[in-house]
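**Q**
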Amino acid sequence: MNIEKVAFIVNETENCWQALRSAFGCMVDNLWCGVFFVGCNIEIHYSQLSEEEFREHLESFAVDFEAEIYTNVKADADKYDHVKYLSLEDMIPKIRTYQLIVPF
2 MNIEKVAFIV NETENCWQAL RSAFGCMVDN LWCGVFFVGC NIEIHYSQLS EEEFREHLES
62 FAVDFEAEIY TNVKADADKY DHVKYLSLED MIPKIRTYQL IVPF
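Rendered as structure tokens:
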């Protein structure tokens, strides 16, 4: 099977940055990636990035690499311009379109 689409499912805030870094690695290898934050806040624990640098990375993921970034936490979708809100029920059919699912 030739994998072209990878979904990263994040359900713990502590794993947020590692999941985004992993998605970035896949995108550099020309894979289509989506990151789905389920029931956790999007924060930059264990990173030396400032809040502004983190926002720039999110923008690069979404704009330059065309990654899809979703959350079911409305406050995070409001906080970050390139993070889209989806309810868990709406995430499920979207996640099913991916060929490989990586839990974090």
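All residue numbers for the sequence shown refer to my numbering, where the first residue is 2 and numbers rise by one. No residue lacks a Cβ here, since even glycine has one placed at the ideal position from N, Cα and C. In this text, all values refer to a predicted model and were calculated from it rather than measured experimentally.
Mind checking who residue 72 pairs with in its DSSP beta bridge?
**A** Position 71 of the sequence shown, counting from 1, holds the residue named residue 72. Beta-bridge pairing by DSSP links residue 72 to 38 and 86.
**Q** Kindly indicate the opening and closing residues of the alpha helix (DSSP H) around residue 66.
**A** Sequence index remark: in the sequence shown, residue 66 carries index 65 (1-based). Run containing residue 66: none; DSSP gives neither H nor E here.
**Q** What is the rounded straight-line gap between the Cα of residue 18 and the Cα of residue 59?
**A** Sequence index remark: in the sequence shown, residue 18 carries index 17 (1-based). Sequence index remark: in the sequence shown, residue 59 carries index 58 (1-based). Distance between the alpha carbons of residue 18 and residue 59: 10 Å.
**Q** Along the chain, where does the alpha helix (DSSP H) containing residue 50 start, and where does it finish?
**A** Residue numbering aside, residue 50 sits at position 49 when the sequence shown is read from its first letter. Counting along the chain, residue 50 falls outside any alpha helix (DSSP H), and DSSP gives it neither H nor E.
**Q** Should residue 55 and residue 9 be called a contact, given that it needs their Cβ atoms to be closer than 8 Å?
**A** On the sequence shown, position 54 is the one that residue 55 refers to. On the sequence shown, position 8 is the one that residue 9 refers to. No; because the gap between Cβ atoms is not below 8 Å, this pair is not in contact.
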